[in-house]
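Step one of this worksheet: look at the structure below.
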Amino acid sequence: MCRLLRISREDLIANLGKSMFGFVHPDDIGRMAYFGKNFAAHTDEKYDVFFRWKTPKMEDYHIFHSWANHVLVDGVSLGFFFYSDAEESGKNNQILDTHYQKYANDLFLF
Numbered sequence: 000m001c002r003l004l005r006i007s008r009e010d011l012i013a014n015l016g017k018s019m020f021g022f023v024h025p026d027d028i029g030r031m032a033y034f035g036k037n038f039a040a041h042t043d044e045k046y047d048v049f050f051r052w053k054t055p056k057m058e059d060y061h062i063f064h065s066w067a068n069h070v071l072v073d074g075v076s077l078g079f080f081f082y083s084d085a086e087e088s089g090k091n092n093q094i095l096d097t098h099y100q101k102y103a104n105d106l107f108l109f
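Take a look at the structure:
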């Protein structure tokens, strides 16, 4: 997670100790809090949120995607959260598309 968010473990823990939304864009905090509260209260089984995140070492906000699922283990409901950098995913998709186009052009004879 630290590598994904480009922050040291110590800085992440210190930040989360103050506020879990410390590096989140102010316009995204309310939406994240709303869906997080509903997910924790089991009023909404789905948690699927895009948000902007910026640490002091980043020049601009990055778009991240977070989603979660509830899992029942020995009668205890656990929430498993997953995170991805949506911008990195987009770059990877562009790379794959470029390679596909090269492959497709090599296959098709005109």
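Just so you know, numbering that gives the first Met the number 0 puts 44 at position 45 of the sequence shown, and the rest follows in order with no gaps.
Beta carbons are placed, not taken as given, at the ideal position from N, Cα and C, and that holds for glycine.
The model shown is predicted, which means the values in this text are computed figures rather than measured ones.
- In the DSSP secondary-structure assignment, Asp84 is bridged to Phe63.
- Residue burial annotation: His61 is buried, with at least 16 other C-beta atoms found within 10 angstroms of its C-beta.
- Tyr46 is classed as buried because its beta carbon has at least 16 other beta carbons within 10 Å across all chains shown.
- For Arg51, the pairing in a beta bridge is given by DSSP as Ile62.
- Going by DSSP, Glu44 is part of no alpha helix (DSSP H) at all; its letter is neither H nor E.
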